[in-house]
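For the sequence shown, the numbering used here begins at 709 and goes up steadily by one. We put the beta carbon where it would ideally sit given N, CA and C, even for glycine. Structure record follows, encoded as C-alpha cells.
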Amino acid sequence: VMEQETIDAALPSISAMANYSMKESQLENKLLAKDFSDCVVYMSEDSITVAVPAPRDGLSEAAVARITETVTSEPWYTAAQLNVIEVPS
Numbered sequence: 709v710m711e712q713e714t715i716d717a718a719l720p721s722i723s724a725m726a727n728y729s730m731k732e733s734q735l736e737n738k739l740l741a742k743d744f745s746d747c748v749v750y751m752s753e754d755s756i757t758v759a760v761p762a763p764r765d766g767l768s769e770a771a772v773a774r775i776t777e778t779v780t781s782e783p784w785y786t787a788a789q790l791n792v793i794e795v796p797s
C-alpha cells in the first residue's frame, strides 16, 4: 500500500504528464489538418520535438515554416525551442 505522502508527491508529475499528453495530441491534430500525417509531437519542460515523415530530399522550407507556425501559434513554446526530426518516408 502506498503511503499518502508518496501519492501526494507523485501527483504534480502525473498531472504534468497528462497535460503534456493532451497538448501533444492537440498539436498532432493541428499538424494532421495541415497535411502532416503520422507526425508525433513530444513536449518537455523546455523544448518541443516534432517528428514528421519527409520526402527523400527533405522537408521544404515552406513545410518547416508551416510546422513552426503551428507550434508557435500556441503560447507554450517559441521557435527556438522547436526541434523538427525528419523521418524518411
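Alpha-carbon to alpha-carbon, residue j and residue i
| i | j | result |
| --- | --- | --- |
| Ile793 | Val758 | 6 Å |
| Lys742 | Pro720 | 33 Å |
| Val766 | Ala773 | Per the sequence shown, the amino acid found at residue 766 is Gly instead of Val. If I take the Cα positions, the gap works out to 13 Å. |
| Leu739 | Glu782 | 13 Å |
| Ala762 | Met725 | 28 Å |
Coarse secondary structure for residue i, derived from DSSP in three states
| i | result |
| --- | --- |
| Pro796 | strand |
Unbroken alpha helix (DSSP H) run spanning residue i, endpoints
| i | result |
| --- | --- |
| Ala717 | Gln712 to Ala741 |
| Glu769 | Glu769 to Thr780 |
Per DSSP, the bridge partner or partners of residue i
| i | result |
| --- | --- |
| Leu790 | Ile756 |
Residue i vs residue j beta-carbon contact at 7 Å
| i | j | result |
| --- | --- | --- |
| Val749 | Glu732 | yes |
Residue span of the beta strand (DSSP E) that contains residue i, given as start and end
| i | result |
| --- | --- |
| Tyr750 | Val748 to Met751 |
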